[in-house]
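Which chain is which? The protein sequence lines are G and Z, in order. Counting from 1, position 53 in the first sequence corresponds to residue 58 in our numbering; the numbering is continuous, with no gaps. Counting from 1, position 3 in the second sequence corresponds to residue 8 in our numbering; the numbering is continuous, with no gaps.
Number of protein chains: 2
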Amino acid sequence: MSAGRLAVVGLGPGAPAWRSPEATARLSVATDLVGYAPYLDQVGPLDPEPRRHASDNREELDRADQALSLAADGGDVVVVSSGDPGVFAMAAAVLERLEARAAVGTPAVEVTIVPGITAASAAAARVGAPLGHDFCCISLSDVRKPWEIVERRLTAAAAADFVLALYNPASRARPWQLGRAIELLREQRAESTPVVLARDVGRPGETVHVTTLADLDPTAVDMRTVVIVGSSTTRTFVDVGGRQWVYTPRDYPA
Amino acid sequence: MSAGRLAVVGLGPGAPAWRSPEATARLSVATDLVGYAPYLDQVGPLDPEPRRHASDNREELDRADQALSLAADGGDVVVVSSGDPGVFAMAAAVLERLEARAAVGTPAVEVTIVPGITAASAAAARVGAPLGHDFCCISLSDVRKPWEIVERRLTAAAAADFVLALYNPASRARPWQLGRAIELLREQRAESTPVVLARDVGRPGETVHVTTLADLDPTAVDMRTVVIVGSSTTRTFVDVGGRQWVYTPRDYPA
């Protein structure tokens with residue numbers, strides 16, 4: 006049997022209107038979809054309908070291995086991520102397994118990474134342009150890195166006045182990390198710094214709140230939220246129609 | 006005449022296969038396109054064909070004002086950006102002008118920001134997953150910010166071991182900035198740190214090179230290139246088929 010191929014596909018954040026034609030094309034010819042169950046649901050019905058291999062969110066390496074094996078057996082396999090697969094998602098896990106398999110001479114499969122709109126871009130778009138100047142994307146999860154490195158990065162990014170996009174800000178298993186992160190940021194940023202809480206952007210039930218570093222309640226944030234913390238120059242205003250906007254101007258004062 | 010509406014649309018980086026359905030939908034009903042001439046060309050032909058208002062790359066505020074005025078006069082206006090309009094692109098300029106107009110009571114127009122795949126995501130996808138861990142996006146242009154703030158951010162990001170995606174790394178008017186940035190990064194990163202140079206990703210003539218911090222030649226980089234500099238954990242390997250990959254593993258050593 007000849008080897009198949011594997012695409013790690015980013016669906017974009019939720020809305021089908023944000024799914025790239027390249028992602029749609031790969032899904033339309035797939036024999037097998039591999040991914041976290043809610044992302045497979047996000048794909049929706051396909052014709053022809055591929056086999057769907059749903060897994061738990063924590064089994065990333067197993068999922069990557071399964072996908073590479075299905076492709077090696079001749080499948081046209083899609084590993085499904087939400088957002089961009091290269092940002093805190095499945096692409097790195099697939100590469101990790103591809104490297105391990107290459108080291109032992111496992112036959113190659115053709116691998117493609119299909120980029121997507123990442124959650125921070127979609128969250129930013131809903132309120133304006135808070136990422137309009139230099140910014141950092143940081144995962145607050147300390148499952149795969151020591152909490153000390155998270156603190157070091159938050160402190161460095163805050164001191165250098167980056168806008169911050171915080172992924173995986175909280176979960177039931179990680180209840181205190183966002184509160185501690187906010188403490189660190191408050192040491193270096195004004196209380197009035199705009200903060201955007203964007204939950205389920207592009208999905209049913211989407212909510213987007215604009216608050217400040219002083220008023221942010223970390224217990225109101227869960228793992229489906231992206232948190233954007235402004236820099237010293239990030240502004241808010243209300244337009245004539247009453248809509249609130251947040252943006253970081255292109256100019257930085259000398 | 007009733008007011009129209011304005012969308013700031015990200016086309017994604019080059020390839021039509023990366024343009025979101027939301028972007029395509031807004032373009033398909035537009036009466037007016039406003040933008041930097043090469044991005045208007047990137048749109049391609051439309052039916053019906055809107056009026057196209059091409060401008061120079063440096064006239065961002067004029068372009069934003071023109072677009073808001075066309076919308077206030079009843080147009081269905083699209084401001085065209087490449088990549089994501091919220092990342093070093095037109096969304097911030099439009100918001101800046103919207104705020105100024107709101108302050109003097111100019112009638113509101115309905116503004117929508119349509120997110121896109123940003124250049125760093127597409128560049129990363131071509132080589133694997135170098136942005137698989139915490140990363141920063143920094144524009145090296147010192148046209149709108151003092152060079153000191155660029156240096157401060159580069160130094161902070163390097164010290165905290167972020168992956169860096171460098172936008173606007175060089176131009177004829179800014180020939181030395183990338184070289185100086187690389188000097189700063191070499192002070193804190195190993196010579197073997199992987200560096201990705203991705204030029205015109207998704208466009209005809211796309212080139213993607215993988216090199217190292219030691220071997221990077223800043224004079225070979227121009228404004229159409231995104232530069233990704235790995236962290237201490239970013240790895241490269243060659244798969245069984247001979248393809249070189251770059252990725253930053255999900256795990257960070259304690």
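Cβ atoms here follow ideal geometry from the backbone N, Cα and C, with glycine treated the same way.
Which word fits residue i, buried or exposed, when buried means at least 16 other C-beta atoms lie within 10 angstroms of its C-beta?
i, result
"PRO174 (chain Z)", "buried"
"ALA125 (chain G)", "buried"
"SER197 (chain G)", "exposed"
"ARG229 (chain G)", "buried"
"THR224 (chain G)", "exposed"
"PRO50 (chain G)", "exposed"
"GLU153 (chain G)", "exposed"
"ALA97 (chain G)", "buried"
"ALA203 (chain Z)", "buried"
"ASP70 (chain G)", "buried"
"ALA20 (chain Z)", "buried"
"SER144 (chain G)", "buried"
"GLY88 (chain Z)", "buried"
"GLY137 (chain Z)", "buried"
"PRO209 (chain G)", "exposed"
"PRO90 (chain G)", "buried"
"ALA186 (chain Z)", "buried"
Along the chain, where does the beta strand (DSSP E) containing residue i start, and where does it finish?
i, result
"GLY15 (chain G)", "10–15"
"ARG57 (chain Z)", "56–60"
"LEU190 (chain G)", "Per DSSP, LEU190 (chain G) belongs to no beta strand (DSSP E); it is in the alpha helix (DSSP H), 182–191."
"GLU115 (chain Z)", "115–119"
"TRP250 (chain G)", "249–252"
"ALA170 (chain Z)", "168–172"
"LEU202 (chain Z)", "199–204"
"ARG177 (chain Z)", "Neither: ARG177 (chain Z) is in no beta strand (DSSP E) and is coded neither H nor E."
"SER86 (chain Z)", "81–86"
"VAL215 (chain G)", "212–217"
What does residue i reach in chain Z if we use C-beta pairs closer than 8 Å?
i, result
"TRP23 (chain G)", "SER25, PRO26, GLU27 and PRO120"
"GLY268 (chain G)", "The question about residue 268 (chain G) has no answer here: the residues shown for chain G are numbered 6 through 259."
"VAL48 (chain G)", "The contacting residues do not exist; VAL48 (chain G) stays about 15 Å from chain Z at best."
For residue i, which residues of its own chain have a beta-carbon under 6 Å away from its beta-carbon, when the five flanking residues on both sides are left out?
i, result
"LEU38 (chain G)", "LEU45, PRO55, ARG57, VAL83 and VAL85"
"ALA72 (chain Z)", "LEU11, VAL39, VAL82 and VAL84"
"GLU156 (chain Z)", "none"
"HIS214 (chain G)", "LEU202"
"GLU211 (chain Z)", "ASP205"
Strictly below 9 Å CB to CB, what residues from chain G border residue i?
i, result
"SER86 (chain Z)", "Near SER86 (chain Z) there are no residues of chain G at all, since even the closest Cβ is about 11 Å away, more than 9 Å."
"ASP256 (chain Z)", "GLU101, ARG149 and LYS150"
"ILE233 (chain Z)", "Result: empty, since nearest Cβ-Cβ is about 10 Å, beyond 9 Å."
"ARG157 (chain Z)", "ALA164, ALA165 and ASP166"
"GLU188 (chain Z)", "Those within 9 Å of GLU188 (chain Z) in chain G number zero; the least Cβ separation is about 18 Å."
For residue i, report the span of its alpha helix (DSSP H) as first-last.
i, result
"PRO43 (chain G)", "42–48"
"SER126 (chain G)", "124–132"
"PRO26 (chain G)", "26–33"
"ALA163 (chain G)", "152–164"
"LEU145 (chain G)", "Run containing LEU145 (chain G): none; DSSP gives neither H nor E here."
Would residue i and residue j qualify as a contact pair, given that the criterion is a beta-carbon distance under 8 Å?
i, j, result
"VAL232 (chain G)", "LEU189 (chain G)", "no"
"LEU183 (chain Z)", "VAL234 (chain Z)", "no"
"MET95 (chain Z)", "GLU115 (chain Z)", "no"
"SER237 (chain Z)", "ASP166 (chain Z)", "yes"
"GLY207 (chain G)", "ALA127 (chain G)", "yes"
"ASP256 (chain Z)", "LEU103 (chain G)", "no"
"SER60 (chain Z)", "ARG68 (chain Z)", "yes"
"GLN193 (chain G)", "ALA161 (chain G)", "no"
"ALA42 (chain G)", "PRO26 (chain Z)", "no"
"ALA134 (chain G)", "PRO120 (chain Z)", "no"
"ARG142 (chain G)", "PHE140 (chain Z)", "One point to set straight first is that residue 142 (chain G) is Cys, not Arg, in the sequence displayed. Result yes, Cβ atoms of CYS142 (chain G) and PHE140 (chain Z) sit closer than 8 Å."
"ARG31 (chain Z)", "VAL14 (chain Z)", "yes"
"LEU159 (chain Z)", "TYR252 (chain G)", "no"
"PRO118 (chain G)", "ILE122 (chain Z)", "According to the sequence shown, residue 118 (chain G) is Ile rather than Pro. Cβ distance not < 8 Å, so ILE118 (chain G) and ILE122 (chain Z) don't count as in contact."
"THR36 (chain G)", "GLY80 (chain G)", "yes"
Which residues in chain Z have a C-beta closer than 9 Å to the C-beta of residue i? List them in chain order.
i, result
"VAL89 (chain G)", "The sequence as given places Asp at residue 89 (chain G); Val does not occur at that position. Neighbours of ASP89 (chain G) on chain Z, chain order: ILE122, THR123, SER126, ALA129, ALA130 and LEU136."
Which chain G residues sit within Cβ distance under 7 Å of residue i?
i, result
"ILE143 (chain Z)", "ASP139"
"ARG185 (chain Z)", "The premise fails here: ARG185 (chain Z) is roughly 16 Å from chain G at the closest Cβ pair, so nothing lies under 7 Å."
If I measure Cβ to Cβ from residue i and keep anything under 8 Å in the same chain, skipping five residues before and after, which residues do I get?
i, result
"ALA77 (chain G)", "ALA8, GLY9, THR111, PRO112 and VAL114"
"ALA195 (chain G)", "LEU218 and SER237"
Check whether the Cβ of residue i lies closer than 7 Å to any heavy atom of the ligand SAM, and answer yes or no.
i, result
"GLU196 (chain Z)", "Looking for the ligand SAM in the displayed structure turns up nothing, as the structure carries no ligands at all."
For a contact defined as C-beta to C-beta under 7 Å, what are the partners of residue i on chain Z?
i, result
"ALA259 (chain G)", "PRO151"
Can you list, in chain order, the residues of its chain whose CB lies under 7 Å from that of residue i, leaving out five sequence neighbours each side?
i, result
"VAL226 (chain Z)", "PRO174, ALA175, LEU183, LEU202 and VAL232"
"GLN249 (chain Z)", "VAL215, THR241 and VAL243"
"PRO18 (chain Z)", "SER87, GLY88, ILE122, ALA124, ALA127, VAL206 and GLY207"
"SER33 (chain Z)", "LEU51"
"TRP181 (chain Z)", "none"
Report the neighbours of residue i on chain G: residues whose CB is nearer than 8 Å to its CB, in chain order.
i, result
"ARG5 (chain Z)", "Any question about residue 5 (chain Z) goes unanswered here, given that chain Z covers just 6 to 259."
"THR253 (chain Z)", "ALA97"
Which residues in chain B have a C-beta closer than 8 Å to the C-beta of residue i? List them in chain order.
i, result
"GLU211 (chain G)", "Judged by its chain identifiers, the structure shown contains no chain B, and its protein chains are G and Z."
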